[in-house]
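S.K.: The sequence shown begins at 8 in the working numbering and counts up one residue at a time. Backbone N, C-alpha and C fix where the C-beta goes; we use that ideal spot for every residue, glycine too. Only a predicted model underlies this, so the values are computations on that prediction, with no experimental measurement involved. Shown below is the structure under consideration.
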Amino acid sequence: MNLLFDTSPEEVPDQKKKKTARKKPATEPARPAQVTEIRPVEIIGRSDGDYTCDCGSTYFDILDDFRGKWLIECCFCGFKMDVLAVRTLRPAVPEFVFFDGRHSGMTLAQVSETEQGMAYIKWCAEKHKSGSVKEACKEWLVSVGYTATQR
């Protein structure tokens, strides 16, 4: 076959081809898998009326306080933003938790959801021997709208 260009490979008869040495792939030492712990975000306080969200809400949970700034989250739509801290606000008071007895470790809201919970809270508000338990139960009953005339 007659071609315009010669397509046969050029070979040098007396010269051997050198093989290139292959580098072994660098193997990284096996690292243990990183365990990431996802912790629930604790609400350290509440803000009411100091900031306004795009959804129109003025109720925010304070999630973080760092270097004079707060990370706040809208209670309705969940939008988060960094804002300058308003130091006139106090952090949220932790809820009352029973420390012993049948409802040990439960808040008043959790106790109220049990079968005889509301009756127990009403009894505590009237007759419990501990003054702090009595006061906490009275305040909680008022906050949920319970009046002494309801039975």
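Quick check: what's the CA-CA separation for C144 versus R74?
M.R.: Against the sequence shown, residue 144 aligns to sequence position 137. Against the sequence shown, residue 74 aligns to sequence position 67. Roughly 37 Å separates the two Cα atoms.
S.K.: Report yes if the CB atom of G52 is closer than 7 Å to the CB atom of I69, and no otherwise.
M.R.: Stepping through the sequence shown from its first residue, residue 52 is reached at position 45. Stepping through the sequence shown from its first residue, residue 69 is reached at position 62. Yes; because the gap between Cβ atoms is below 7 Å, this pair is in contact.
S.K.: List the whole-angstrom C-beta distance separating Y66 from C82, where the pair is believed to meet the contact cut-off of C-beta under 8 Å.
M.R.: Here the question's residue 66 lines up with position 59 in the sequence shown. Here the question's residue 82 lines up with position 75 in the sequence shown. That pair is a contact at about 4 Å.
S.K.: Go to V118, then tell me how far its alpha helix (DSSP H) extends in each direction, as first and last residue.
M.R.: As a first step, residue 118 is located in the sequence shown; it is residue number 111 there, counting from the start. Its alpha helix (DSSP H) spans residues 115-119.
S.K.: Sorted by chain position, which residues of the same chain lie with C-beta nearer than 6 Å to W77's C-beta, five sequence neighbours on each side aside?
M.R.: As a first step, residue 77 is located in the sequence shown; it is residue number 70 there, counting from the start. The residues are I69, V90, A92.
S.K.: Could you tell me which of A116, T27, G108 sits nearest to P101, measuring between CA atoms?
M.R.: As a working mapping, residue 101 is identified with position 94 in the sequence shown. Answer by Cα proximity: A116.
S.K.: Round the Cβ separation of G112 and V104 to the nearest angstrom and send it over; I've been treating them as touching at under 8 Å.
M.R.: Here residue 112 is taken as the residue at index 105 of the sequence shown, counted from 1. Here residue 104 is taken as the residue at index 97 of the sequence shown, counted from 1. Between V104 and G112 the Cβ distance is about 6 Å, and since that is below 8 Å, they are a contact.
S.K.: I'd like the list of long-range same chain contacts for S64, defined as Cβ closer than 6 Å, with 5 residues on each side in sequence excluded.
M.R.: Residue numbering aside, residue 64 sits at position 57 when the sequence shown is read from its first letter. Result list for S64: C81, F83, in chain order.
S.K.: Nearest-angstrom Cα distance between Q123 and S150?
M.R.: Locating residue 123 in the sequence shown gives position 116, counting from the first residue. Locating residue 150 in the sequence shown gives position 143, counting from the first residue. Spanning the two alpha carbons is a distance of roughly 19 Å.
S.K.: With DSSP collapsed to three states, give me the class of S54.
M.R.: Stepping through the sequence shown from its first residue, residue 54 is reached at position 47. Reduced to three states, the DSSP call for S54 is strand.
S.K.: List the endpoints of the continuous alpha helix (DSSP H) containing I128.
M.R.: The residue you call residue 128 lines up with position 121 of the sequence shown. 124-134 is the span of the alpha helix (DSSP H), which, as asked, contains I128.
S.K.: Which word fits A126, buried or exposed, when buried means at least 16 other C-beta atoms lie within 10 angstroms of its C-beta?
M.R.: Here residue 126 corresponds to residue number 119 of the sequence shown, with the count starting at 1. By the neighbour-count rule (16 or more Cβ atoms within 10 Å), A126 is not buried but exposed.
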